[in-house]
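Under the working numbering, read the sequence shown as residues 153 to 275, first letter to last. All C-beta atoms, glycine included, are put in the ideal place defined by N, C-alpha and C.
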Amino acid sequence: MVAMLYFFAKVLAIGGIYMAWIYLIVAGLFETVWATTLKMSHGFQKLDYSVYTIIGMGLSFWLLAKAIKTLPLGIAYPIWTGIGALGTIILGVTLFGDRLSPLTWVFVGLLLISIIGIKITVH
153 MVAMLYFFAK
163 VLAIGGIYMA
173 WIYLIVAGLF
183 ETVWATTLKM
193 SHGFQKLDYS
203 VYTIIGMGLS
213 FWLLAKAIKT
223 LPLGIAYPIW
233 TGIGALGTII
243 LGVTLFGDRL
253 SPLTWVFVGL
263 LLISIIGIKI
273 TVH
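Next up, the structure:
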């Protein structure tokens, strides 16, 4: 565990545009974590999931803040929310049995294409 924390700290110490993108992607993944654990907390009624939600929120916002030091806000924010939205949709379907219509899946695909398009067109 200590070795993992040391490795994570070393990775976070690396700077530059590539690390900013890594921060942003991981921030989006933590957004998915906190949204999912928020549902699992049943309105903050379950302490363990409530704690996971708060930790996920903190990590998501902290990593987003690190990413927007380097990346343009108008690029980083929609990608962050898009990653969170896609991850939450996938977890909603797989963990909670959410049902999406075929047309909704088309729009989920468009969201994914939009996120990729924003990323590959940034200069």
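Report the CB separation of residue 271 from residue 206 in whole angstroms; it is logged as a contact under 8 Å. Taking the sequence shown and counting its residues from 1, the one referred to as residue 271 is at position 119. Taking the sequence shown and counting its residues from 1, the one referred to as residue 206 is at position 54. That belief does not hold up - the Cβ atoms of residue 271 and residue 206 are roughly 29 Å apart, past 8 Å.
Let me check you understand the geometry: is the CB of residue 180 closer than 8 Å to at least one non-hydrogen atom of the ligand MN? In the structure shown, the ligand MN is absent, as is every other ligand, since no ligand is present at all.
Excluding the five sequence neighbours on either side, which residues of its own chain have a C-beta within less than 7 Å of the C-beta of residue 190, listed in chain order? Here residue 190 refers to the residue found at position 38 when the sequence shown is read from its first residue. Cβ within range, chain order: 205.
Look at the Cβ atom of residue 175, then the Cβ atom of residue 216, and state whether they are nearer than 9 Å. Indexing the sequence shown from 1 puts residue 175 at position 23. Indexing the sequence shown from 1 puts residue 216 at position 64. Cβ distance < 9 Å, so residue 175 and residue 216 count as in contact.
Roughly how far, in whole angstroms, is the beta-carbon of residue 274 from the beta-carbon of residue 227, given that I think they are within contact range, below 8 Å? Taking the first residue of the sequence shown as position 1, residue 274 is located at position 122. Taking the first residue of the sequence shown as position 1, residue 227 is located at position 75. Indeed, because the Cβ distance is near 5 Å, the residues count as touching under 8 Å.
So is residue 186 buried or exposed if we call it buried at 16+ other beta carbons inside 10 Å? Residue numbering aside, residue 186 sits at position 34 when the sequence shown is read from its first letter. By the neighbour-count rule (16 or more Cβ atoms within 10 Å), residue 186 is buried.
Whole-angstrom Cβ separation of residue 243 and residue 184, contact assumed at under 8 Å? Looking up residue 243 in the sequence shown gives position 91. Looking up residue 184 in the sequence shown gives position 32. Their Cβ separation, rounded to whole angstroms, is 6 Å, which keeps residue 243 and residue 184 in contact under 8 Å.
Please confirm whether residue 219 and residue 172 have their CB atoms less than 9 Å apart. By 1-based counting over the sequence shown, the position of residue 219 is 67. By 1-based counting over the sequence shown, the position of residue 172 is 20. Contact flag set, yes.
In whole angstroms, what is the alpha-carbon distance linking residue 168 and residue 181? Within the sequence shown, residue 168 is the residue found at index 16, counting from 1. Within the sequence shown, residue 181 is the residue found at index 29, counting from 1. C-alpha separation (whole angstroms): 20 Å.
DSSP three-state label for residue 195, please. Here residue 195 is taken as the residue at index 43 of the sequence shown, counted from 1. Note: residue 195 maps to coil in three-state DSSP.
Inspect the beta-carbon positions of residue 263 and residue 234 and report whether they are closer than 9 Å. Sequence index remark: in the sequence shown, residue 263 carries index 111 (1-based). Sequence index remark: in the sequence shown, residue 234 carries index 82 (1-based). Yes, the Cβ-Cβ distance between residue 263 and residue 234 is below 9 Å.
Where does residue 200 fall in DSSP's three states? For the purposes of this step, residue 200 is identified with residue 48 of the sequence shown, where counting begins at 1. If DSSP states are grouped into helix, strand and coil, residue 200 belongs with the helices.
Verify whether the separation of the beta carbon atoms of residue 201 and residue 193 is less than 9 Å. Reading the sequence shown from its first residue, position 49 is the one you call residue 201. Reading the sequence shown from its first residue, position 41 is the one you call residue 193. Contact flag set, yes.
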